[in-house]
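My numbering runs 14 ahead of the 1-based position in the sequence shown.
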Amino acid sequence: MFSLAALDPRTKMVMIAAISTAAMAVENLRFLLGLLLFTSALLAAGKVGFRQQLKQARMAVGMVVFLFLLQALFGQMELGAALSIRLLIIIVSALILLTGAPRDYLLGLVQWKIPYEIAYMVIIGLHFFPILREEAMDVYYSIQLRGMEIKKASIAAKLRVYLKISLPILAGAMERAKDMSISMEARAFRAYPKRTYMRKLKLKARDLICMTMFPLLAAVFILTGCMAGTGTGDHMTTETSRQEDRAVASQILLSQTENPQSSQAVSWYSCRKETGLVHYGIKNTNCEARAERTKIREGEYYRYKAVLTGLRPDTTYQYCVGNGQSWSKVRSFTTAGKGNFSFLFMGDIQYQVRERDYETWGTLLRRACREHPDINFGILSGDMVEKSADIQDWSAFFNQSQSVFSRIPLAAVPGNHETSIIPYTYLQMLPQPENSPLPGEVYSFDYGDCHFLMLNSCLFMEERIRDMGKKRWQEMIEQLRQWIRTDLSHSSAKWKIAVMHHPPYPITEDDPIYSRIRKNWIPVLSEGGVACILCGHQHVYMRTKEQNGITCIMGNSGQKQSYYDKKGEPLSEYIEKMEARTGTYQVISVSENNLKVEAFDENGVRFDVWELPKL
């Protein structure tokens, strides 16, 4: 019959290491719950009953419950649950140590060639913990016998008592540690090249099986758990995303190009380093384009990008991506025409709890496109992720947006959460036109009667200025200002729209970046005929009155609460409309005579409308 006590101490240490590693590497709540149940069942099968498990772990369980309640209080229930279950797994798996004697673990560590003094100190530390607890309880009971009811005392009185208990116990522990170090020196560790043993541990067949099986099971568990996503959010993506996550290519994205009438950029993800191809065509024509490969993480994450050229205006094309043998499902896109059109604008997607909030945003995105099926493309004003280089953030974004942005193109600008001096990962993940002095960071394109100027406002962040040095930075800003002036003057479009992350006219003036934008960009944008600026950053919907001939519209599509909206404080006089509800989107319709912006909440209810004067 299986018994943990009969296993070699080294086997038990391998088992604990495998279980703990699996718990730390996986975020899926269902997988973590399964691992906790497996660990408890393993202990029960190994003669450590559930009652004994609870008795040994009761103090730690209280701390785990407290951490969960603390996370739930701040609206991060999923994160708190994952953290709590993970801690419980580590605590419960450590109870495997109770099935052996401390001296056996010392012997096992030494025979594993761990330096003897280190192994010895680890075991002494394990011995110290019960002693410290016994001493603390002795002092606690002595205080009770002297007539003080600690349970009924105030919090301040309890803290004073606990402080008095802790100081002598710690002093005694330090004294014992000092004596122990002297005794270790007296034992002349490392004095002899070889050490003999009165009793030598030998690994049996069952030990070898367990030491092989547990790391392998942990590796399979980690791989399966990571592929299954991160919990309640990732498994709620569209059916297409779930199927294609297991295929050769997924996270497919269409991006705007310099000429949306005759070209289209297609990019996607693969975990393999391979040939990337796009098959596309109309009716009986069939063309193929080879993709460029960008390594994000070696052997784990690659982005592929191909630009399809020579396309016909206002024409629907079928396409699929793959490696020559395996292909994605067939999708379609339509090139730009010359008539009326509409596009979707969304501000910050940035989350508080990744699994929950990306799912909420994905639902909002799909609802917007379902209720406004004539949308031709989308614009995002930055902060699509929380951490600029976090692959899980980017994967969550792509998984939720693929069903939309694999059929209509996306144009975006980087936010401060995509930027670490320069938006490195953003530029690799989201291919954009390269027609400015700062390729991908700043660019422009025409769509119908609109000219779009996409600007990276993070150029004004302190980190960029310090990294470049003030002189080089000023030269760059001046060069860019001249490019903006030339770009706008060469455009004959009826409507000119600029997009940036930071608002030139903010709700709260808490960063010098806003005044830098007003100083360096607003004059040249106003002079060039820009009528509207789309921006984000401050996590509310806000529309300004006309400033220097320009109306600014701030969007927010994510769930992160705004701390810029100071309740009760008067708003700046230039603010015309503000809505602090989370999860909004804007649909901008462009016709021959006017441009109209409609703002909708997460329930699809329109709460603001603004139109440019008709020409």
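Positions of the beta carbon are idealized from the N, C-alpha and C atoms, including for glycine. From a predicted model like this one, the values you see are computed outputs, not experimental measurements.
Inter-residue CB distance, residue i and residue j (contact presumed, cutoff 8 angstroms)
i, j, result
"CYS566", "PRO517", "6 angstroms"
"THR113", "GLY60", "6 angstroms"
"ASP463", "ALA507", "6 angstroms"
"ASN570", "THR598", "6 angstroms"
"SER107", "ILE30", "5 angstroms"
"ALA613", "TYR555", "6 angstroms"
"LEU268", "ILE422", "7 angstroms"
"ILE511", "LEU548", "7 angstroms"
"SER417", "ARG380", "6 angstroms"
"LEU109", "LEU57", "6 angstroms"
"LYS574", "TYR365", "6 angstroms"
"THR349", "GLN278", "7 angstroms"
"GLN265", "ASN42", "Actually they do not touch by this definition, with Cβ atoms about 19 angstroms apart."
"GLN270", "PHE391", "7 angstroms"
"TYR318", "ALA305", "4 angstroms"
"ILE310", "GLN442", "6 angstroms"
"GLY550", "GLY361", "3 angstroms"
"SER415", "PRO437", "So it is not a contact: roughly 18 angstroms between Cβ atoms."
"TYR315", "ILE223", "Between ILE223 and TYR315 the Cβ distance is about 35 angstroms, and since that is not below 8 angstroms, they are no contact."
Start-to-end residues for the beta strand (DSSP E) that takes in residue i
i, result
"GLU373", "Unbroken run through GLU373 is the alpha helix (DSSP H), 368-385; no beta strand (DSSP E)."
"ILE266", "264-269"
"ILE310", "306-311"
"SER605", "Counting along the chain, SER605 falls outside any beta strand (DSSP E), and DSSP gives it neither H nor E."
"SER356", "355-360"
Residue i - partner residues in DSSP beta bridges
i, result
"LEU426", "Strictly speaking, residue 426 in this sequence is Ala, with Leu absent from that position. Partner(s): LEU394."
"LYS591", "ARG557"
"PHE614", "TYR599, ARG620"
"GLN332", "GLY295, SER346"
"MET568", "CYS549, MET556"
"VAL321", "ALA279"
"GLU302", "HIS293"
"SER284", "TYR316"
"GLU625", "LYS610"
Extent of the continuous alpha helix (DSSP H) run through residue i
i, result
"VAL418", "405-419"
Original post:
Whole alpha helix (DSSP H) runs in the segment 521-549 with 4 or more residues, listed along the chain?
Top reply: 526-534, 536-541
Subject >> Ordered list of alpha helix (DSSP H) runs contained in the segment 434-522, each at least 4 residues >> reply: 438-443, 476-482, 484-503
Original post:
Counting Cβ pairs closer than 8 angstroms, one from the segment 373-384 and one from the segment 530-539, do we hit at least three?
Top reply: no
Original post:
So does the segment 556-573 actually touch the segment 347-355, counting three or more Cβ pairs closer than 8 angstroms?
Top reply: no
Subject >> Validate contact between the segment 595-610 and the segment 426-433 using beta carbons, cut 8 angstroms, 3 pairs >> reply: no
Original post:
Counting Cβ pairs, one atom from each stretch, are 3 or more of them under 8 angstroms apart for the segment 278-293 and the segment 335-347?
Top reply: yes
Original post:
What are the start and end residues of each continuous alpha helix (DSSP H) run of 4 or more residues lying completely inside the segment 37-65, in chain order?
Top reply: 43-59
Subject >> Cβ contact (3+ pairs, closer than 8 angstroms) linking the segment 586-603 and the segment 395-405 >> reply: no
**OP:** Count the CB pairs spanning the segment 332-341 and the segment 271-287 that are closer than 8 angstroms, and state whether there are at least three.
**Re:** yes
**OP:** Would you check if the segment 450-466 and the segment 314-326 touch, i.e. whether three or more CB-CB distances between them fall below 8 angstroms?
**Re:** no
**OP:** Would you check if there are 3 or more beta carbon pairs closer than 8 angstroms linking the segment 531-546 to the segment 497-513?
**Re:** yes
Original post:
Are the segment 21-29 and the segment 213-223 touching, with three or more C-beta to C-beta distances below 8 angstroms?
Top reply: yes
Subject >> Three or more C-beta pairs below 8 angstroms linking the segment 228-242 and the segment 35-48 >> reply: yes
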